[in-house]
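Counting with the working numbering, you get residues 49 to 426 for the letters of the sequence shown.
Ideal Cβ placement from N, Cα and C applies to all residues, glycine included.
The structure appears below as structure tokens.
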Amino acid sequence: MAGSFIKKMKAGSLAVMAGILLSGAGSCPAVPVMAESAAADTEVPAAVSKDNNNSAVSVNFKRIEDDSNERGEITGISGEGESLWKYVTADYSRTELDRVNDIGVFGGKYYLVEGGTVKALDLRDGSLIWSNDEFEGCAYGSVFREDGTLFLCGYYGPDLFVVDKDGNTLKKIDSFNKDYMWPHKLELLGEQLAITYSGTPSGTEETLYINLSDYSLASGRISDASDSGTEGTAVADSAVENISASSYLEEPQYGLSHGTSNLMDGDLSTAWVESADGSGEGEAFTLKLNGTYKVSGFTIHAGYQKNEDIYAKNSRPEKMTVMFSDGTRQDVELADINGPQKITFGAAVNTSSMRFIIQSVYPGTKYQDTAVSEISLF
Ligand SMILES: [Ca+2]
Numbered sequence: 049m050a051g052s053f054i055k056k057m058k059a060g061s062l063a064v065m066a067g068i069l070l071s072g073a074g075s076c077p078a079v080p081v082m083a084e085s086a087a088a089d090t091e092v093p094a095a096v097s098k099d100n101n102n103s104a105v106s107v108n109f110k111r112i113e114d115d116s117n118e119r120g121e122i123t124g125i126s127g128e129g130e131s132l133w134k135y136v137t138a139d140y141s142r143t144e145l146d147r148v149n150d151i152g153v154f155g156g157k158y159y160l161v162e163g164g165t166v167k168a169l170d171l172r173d174g175s176l177i178w179s180n181d182e183f184e185g186c187a188y189g190s191v192f193r194e195d196g197t198l199f200l201c202g203y204y205g206p207d208l209f210v211v212d213k214d215g216n217t218l219k220k221i222d223s224f225n226k227d228y229m230w231p232h233k234l235e236l237l238g239e240q241l242a243i244t245y246s247g248t249p250s251g252t253e254e255t256l257y258i259n260l261s262d263y264s265l266a267s268g269r270i271s272d273a274s275d276s277g278t279e280g281t282a283v284a285d286s287a288v289e290n291i292s293a294s295s296y297l298e299e300p301q302y303g304l305s306h307g308t309s310n311l312m313d314g315d316l317s318t319a320w321v322e323s324a325d326g327s328g329e330g331e332a333f334t335l336k337l338n339g340t341y342k343v344s345g346f347t348i349h350a351g352y353q354k355n356e357d358i359y360a361k362n363s364r365p366e367k368m369t370v371m372f373s374d375g376t377r378q379d380v381e382l383a384d385i386n387g388p389q390k391i392t393f394g395a396a397v398n399t400s401s402m403r404f405i406i407q408s409v410y411p412g413t414k415y416q417d418t419a420v421s422e423i424s425l426f
């Protein structure tokens with residue numbers, strides 16, 4: 049496929065090809081969009097202490113910015129609307145992330161983050177009860193557990209910071225999965241914590257689930273009665289919404305484009321062909337589903353299966369890693385056969401996307417390019 053005159057093209061250089069949205073990791077914006085991510089901000093003006101001694105104290109958080117600096121002004125307000133106290137943070141040089149983050153009121157304390165330090169103020173008089181400088185992040189997601197434990201995520205990390213009601217660090221995890229960036233929303237779901245990321249392999253918002261017993265990455269959400277949607281429904285190929293890829297080969301002199309639409313067109317004479325230098329190790333394509341489905345495995349026609357000759361001349365994937373939307377992965381090894389092969393996972397996975405990453409190849413006799421003619425999910 050790849051003669052010296054053949055133009056190779058990175059998928060990321062094209063916006064749209066053949067109606068397939070390209071949403072690989074390369075499309076992440078250099079400067080993240082922060083709009084609507086500071087969910088905690090909206091809660092504070094109405095926040096009311098759960099402490100009986102201060103049942104009517106609420107807190108107002110105001111961010112004050114000038115050209116180069118920002119600071120926070122926090123005011124405690126009585127039930128009669130009278131200002132009880134004021135706490136003013138230090139001045140911080142402005143960055144693309146807010147340096148002062150308002151967390152909210154819980155258990156007689158008001159919580160904020162300033163300059164990466166978590167602080168708890170006494171709701172009665174605004175005095176500092178404790179501060180913890182180990183977070184070091186900009187908090188765009190937070191949630192309290194009933195016992196006063198506070199969970200935070202930093203937009204640029206850490207992915208998770210856990211501090212108890214007295215200010216002791218319980219856990220800090222910089223990253224659960226290096227392919228998932230920009231966590232901005234936390235939700236407690238019984239024994240699990242859901243972390244929502246906007247920088248993900250699929251290019252769309254995805255959620256990882258953490259087991260709170262040991263802070264390990266779960267293979268998915270533990271289902272409960274409140275689960276809705278399609279989770280647990282067996283997948284069908286019609287659930288595939290779009291397919292993106294790290295690269296694909298164009299051969300304009302032949303009028304051929306080996307894009308991702310070839311992966312599920314039911315035609316063995318067409319194939320997705322990667323176009324990276326070398327044999328394509330590390331190249332990948334991602335199937336994005338229109339919901340969360342139970343996937344038991346896949347059937348693949350690996351290699352360019354137009355005919356025996358073309359199959360032999362091009363490289364075929366040998367070992368592949370399949371990565372799921374919850375960050376878990378399964379490694380599979382394919383046989384070198386010009387025909388279908390069915391791969392069944394050890395356990396079915398609930399997922400909303402699948403990224404197939406080439407780890408090694410059976411080299412082609414003439415071309416280095418690695419191809420896949422068809423893939424189907426079950
Ligand atoms: Ca095909």
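Close Cβ partners of residue i (< 6 Å) along its chain, the five nearest in sequence each way excluded
i           : result
residue 361 : 412, 413, 414 and 415
residue 390 : 347
residue 379 : 369
residue 322 : 295, 328, 331 and 418
residue 225 : 375
residue 235 : 242
residue 134 : 123
residue 119 : 112, 137 and 139
residue 324 : 295 and 331
residue 246 : 230 and 253
Local Cβ density within 10 Å of residue i, reported as buried at 16 or more and exposed below that
i           : result
residue 286 : exposed
residue 334 : buried
residue 115 : exposed
residue 255 : buried
residue 332 : buried
residue 300 : exposed
residue 319 : buried
residue 395 : exposed
residue 149 : buried
residue 298 : buried
residue 302 : exposed
residue 268 : buried
residue 77  : Annotation note: pLDDT 32 at residue 77 (below 50); position unreliable, coordinate value reported separately. Exposed is the call here.
residue 127 : exposed
residue 281 : exposed
residue 406 : buried
Distance cut-off 7 Å: residue i Cβ against heavy atoms of ligand 1
i           : result
residue 335 : no
residue 308 : no
residue 421 : yes
residue 318 : yes
residue 160 : no
residue 311 : yes
residue 315 : yes
Top-ranked residue by Cα proximity to residue i, from the options
i           : options               : result
residue 121 : 127, 137, 130 and 132 : 137
residue 177 : 156, 150 and 232      : 156
residue 382 : 363, 291, 372 and 189 : 363
residue 252 : 425, 153, 290 and 265 : 290
residue 167 : 426, 303, 215 and 306 : 215
residue 355 : 237, 425 and 317      : 317
residue 151 : 134, 130, 304 and 169 : 169
residue 105 : 144, 154, 118 and 111 : 154
residue 314 : 187, 158 and 425      : 425
residue 237 : 229, 227, 222 and 193 : 193
residue 132 : 107, 147, 307 and 191 : 107
residue 393 : 377, 384 and 406      : 377
residue 227 : 357, 117, 371 and 384 : 371
residue 159 : 307, 406 and 213      : 213
Contacting residues, own chain, Cβ-Cβ under 7 Å from residue i (five flanking each side not counted)
i           : result
residue 182 : 217 and 220
residue 408 : 329, 366 and 367
residue 113 : 142
residue 180 : 165, 166, 211, 215 and 217
residue 338 : 287 and 289
residue 342 : 280, 281, 282, 283, 396 and 398
Presumed contact (8 Å Cβ cut-off) between residue i and residue j, rounded CB distance
i           : j           : result
residue 312 : residue 283 : Residue 312 to residue 283, Cβ: 13 Å. No contact.
residue 242 : residue 263 : Contact flag wrong, Cβ pair sits at about 13 Å.
residue 248 : residue 231 : Rounded, the Cβ-Cβ distance is 10 Å, inconsistent with contact.
residue 373 : residue 401 : 5 Å
residue 386 : residue 410 : That pair is no contact at about 11 Å.
residue 421 : residue 352 : 6 Å
residue 174 : residue 124 : 5 Å
residue 233 : residue 196 : Their Cβ separation, rounded to whole angstroms, is 21 Å, which puts residue 233 and residue 196 out of contact at 8 Å.
Contacting residues, own chain, Cβ-Cβ under 8 Å from residue i (five flanking each side not counted)
i           : result
residue 185 : 161, 164, 200, 201, 202, 203, 204, 205, 206 and 209
residue 239 : 259, 260, 261 and 270
residue 423 : 311, 312, 335, 346, 347, 348, 349 and 404
residue 117 : 139, 140, 141 and 142
Any chain C beta carbon closer than 8 Å to residue i
i           : result
residue 304 : Included in the structure is just one protein chain, with no chain C present.
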